[in-house]
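Mapped onto our numbering, the consecutive letters of the sequence shown carry residue numbers 10 to 348.
All residues carry an ideal CB built from backbone N, CA and C; glycine is no exception.
Here the structure is laid out as structure tokens; the discussion comes afterwards.
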Amino acid sequence: MRTIDWNEEAGSIVMIDQTLLPLEYRIIECKTLASLCEAIRSLRVRGAPALGATGAYGIALAATLSSAKNMAGMTKDLEIAAKTIKSTRPTAVNLAGGVDRVMDAISDAFDLNGIRDIVMSEAKKIADEDVEINKRIGAHGEKLLEDGDTVMTHCNAGRMACVDWGTALGVIRSAVEKGKEISVIACETRPLNQGGRITTWELMQDNIPVTLIADSMSGHVMSKEMVNKVIVGADRITGDAIFNKIGTYTHSVLAKEHEIPFFVAAPTSTLDPNNWEDTVEIEERDSDELRFFRDIQIAPDDVKVYNPAFDATPMENITALITEKGVFYPPFLLDEVML
Ligand code: MRU
């Protein structure tokens, strides 16, 4: 099934609970806005493109639940829902992008049912487009990979981070589909281990060879020439930086030092040309994510913790940017990439 979808019969959002992977594959349902927001905050659904579809379906859910008797009342309900959903996670631009795109579509409606139909069809369109866009990213990006490559990746930019297929892992999947033998080194991605839990699980399901390493090993494997390309996804791309899971910046510096190509694969919906690195809010997460590993305490009760979820990689560390429109090389002029 898709990472996130709409259940027509139940009138609910269905998703794979990613916090349980790889130990358990459980489908959960969100029937209220509160349960959806909880699912986003606790990363049951995560990854920039998947969050875009989630935000869009969130507005569709709010429209279904609204008991408003007129257009103004419904619009007000949806505006409140939009604000609530957008406040759950600030860094991945796709979440707000998905919400805004569905909200913009409301202006075409003439009555209450019209609003419900329009927001639902726009949300479904965003989800369908995501799969198609990822396939296009894969088709462009696979040309950068050669038979026999070992590719390092960070976090999970696979089908679990999207509606399906994936961005960074989508490029790898497309290369494998073309008959190339590609091996992957997956960085575990502390503190929530999306690489260790989800990327390894996804690739093993597809029989793509994958080796798990701790994040701190990336310099070592690069210096030993065990990696010849790095490919990651992105949560937001400003004019001067790529925001992605914490640790990406470190890998990019190491890749530059070892002259290893560093590729970023993302849909153009992740581009944010109106912002710069220092105007973007980096989500800071609960200290317990570092003080505990699941329910085992691994640091003192009262230790001071700093837990940013993302970091910014400067454009000069990026070899190429792969989007559904093609492969782009420096200087990365976002207005041109968006065309
Ligand atoms: O905190 P997460 O798990 O939502 O972070 C996800 C990432 O950083 C991914 O690398 C990014 O969203 C790209 S997904 C195609």
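- Under the three-pair Cβ rule at 8 angstroms, the segment 252 to 268 counts as touching the segment 223 to 243.
- The beta carbon of TRP285 sits closer than 7 angstroms to the beta carbons of THR247, GLY248, ASP249 from its chain, once the five residues preceding and following it are set aside; these are given in chain order.
- According to DSSP, residue pairing for VAL336 in a beta bridge involves ILE331.
- In this structure, DSSP gives LEU221 an extended state, which the three-state scheme calls strand.
- Beyond the five residues adjoining it in sequence on each side, LYS144 comes within less than 8 angstroms, by CB distance, of TRP174, GLY179, SER183 in the same chain, given in chain order.
- For MET10, the secondary structure class from DSSP, reduced to helix, strand or coil, is coil.
- For GLU190, there is no enclosing alpha helix (DSSP H), as DSSP marks it with neither H nor E.
- LEU29 sits exposed, since fewer than 16 C-beta atoms from the chains shown fall within 10 Å of its C-beta.
- Excluding the 5 residues flanking it on each side, PRO218 has same chain C-beta neighbours closer than 6 angstroms at SER192, in chain order.
- The alpha carbon of MET10 has as its nearest neighbour, out of GLY167, VAL172, ARG98, the alpha carbon of VAL172.
- Between LEU263 and PRO200, the C-beta gap is not smaller than 9 angstroms, which leaves the two residues out of contact.
- If the five residues before and after GLU38 are omitted, its C-beta is found closer than 6 angstroms to the C-beta atoms of SER21, VAL23, all from its own chain and listed in chain order.
- The DSSP assignment places complete beta strand (DSSP E) segments of no fewer than 3 residues inside the segment 211 to 259 at 219 to 222, 238 to 241, 250 to 254, in order along the chain.
- Between the segment 198 to 216 and the segment 115 to 131, the count of C-beta pairs closer than 8 angstroms stays below three; the two stretches do not touch.
- Shortest gap from the CB of PHE271 to any heavy atom of the ligand MRU: 8 angstroms or more.
- Annotated three-state conformation of ILE269 is coil, per DSSP.
- In this chain, the alpha helix (DSSP H) harbouring VAL102 covers 102 to 114.
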